[in-house]
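In full-length UniProt numbering, the protein residues as written are 1 to 269.
I have placed the structure first, in the form of structure tokens, so that the comments after it can refer back to it.
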Amino acid sequence: MIRITAWRRHPLARYAVLILALALVGMVYAAFVQAGKPADAAMAAGKVDDVAEGKSLFVAHCASCHGLNAEGTNTAPSIVGVGAAAVDFQMSTGRMPAANPGPQAPRKPLARWVDENAIRQVSAYVQSLGGGPQVPGAEQVDPKLGDAGRGGELFRANCIQCHNWAGSGGALTQGKYAPNLNASSPTQIYEAMVTGPQAMPVFNDTTITPQEKRDMIAYIVQVREQKDPGGFGLGRIGPVTEGIVAWVVGMVALVLAAIWITAKKRQKS
């Protein structure tokens, strides 16, 4: 008893108690976080069972590149913490699973085992590993609830440098490119903004608010539905294709005119 009292009065006793208290708080917090992860995944997926099913699919089809625990390998990066939104975007556009390594994964038809259920289940499993952006709800991506005019201003300020004013895409450096947005659903556009796939930067809610994202989606959908009253749209790529067409048509017209003029002179002589 005297020894315990002596330890209590030791100058370092208060620091030892503080460290012990912090350690206990940390362990309790970690326990709650681990317990909350399946619930978080269930919210993202709709069912707790999706986490287990998603893990089975991940091990069978994704672990060879991303690792058994999604920790990453020499072939593919870690996807712990990327969230369900990133998985939903990559799988629903056919970019994952990737067929061949390259500077950028292209959009392609879905793999045979990939369907709506498989995407939801793998998304739930990855969400359970470390959280991250979740798949947006229907109202978050509804173009009818957005302001296309305001969205156009935001799109021109943040996106046309890569995607072109009409979302037609364009070339980047080192073999990468900004893809055409015409095939992208509103959900995929929203997911791309919050996850930043490939060379695209992340536009989180502090940079572009959820309402502004919805406005941009409204603009993209409106533009893709517009017709080209002047004739051929030429892919809406911009002045490069328009200049090439003008040059080719002009040169052909000049050559034909020269042939016609020389033919007239020969007839006269």
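Beta carbons: idealized from backbone N, C-alpha and C, even for Gly.
- Tyr177 has Ala171 as its beta-bridge partners, per DSSP.
- Of Trp247, Ala76, Gln104 and Thr206, the smallest CA-CA separation from Ala63 is found for Ala76.
- DSSP places Leu57 inside the alpha helix (DSSP H), whose first and last residues are Asp49 to His61.
- Nearest Cα to Thr206 within the set Met193, Ile217 and Pro101: Met193.
- With fewer than 16 other beta carbons inside 10 angstroms of its own, Gln174 counts as exposed.
- For Gln211, the enclosing alpha helix (DSSP H) starts and ends at Pro210 to Glu225.
- In the displayed model, Asp88 falls within a helix according to three-state DSSP.
- Cβ contact annotation for Leu68 (same chain, cutoff 8 Å, sequence separation greater than five): Val59, in chain order.
- In the displayed model, Glu191 falls within a helix according to three-state DSSP.
- Across the set Cys65, Asp50 and Asn204, the C-alpha of Asn204 shows the shortest separation from the C-alpha of Gly132.
- Cβ atoms of Val141 and Pro197 stay farther apart than 8 Å, at about 16 Å.
- Gln121 and Glu53 do touch by the CB rule: their CB atoms are close to 4 Å apart, below 8 Å.
- Taken through DSSP and simplified to helix, strand or coil, Phe203 comes out as coil.
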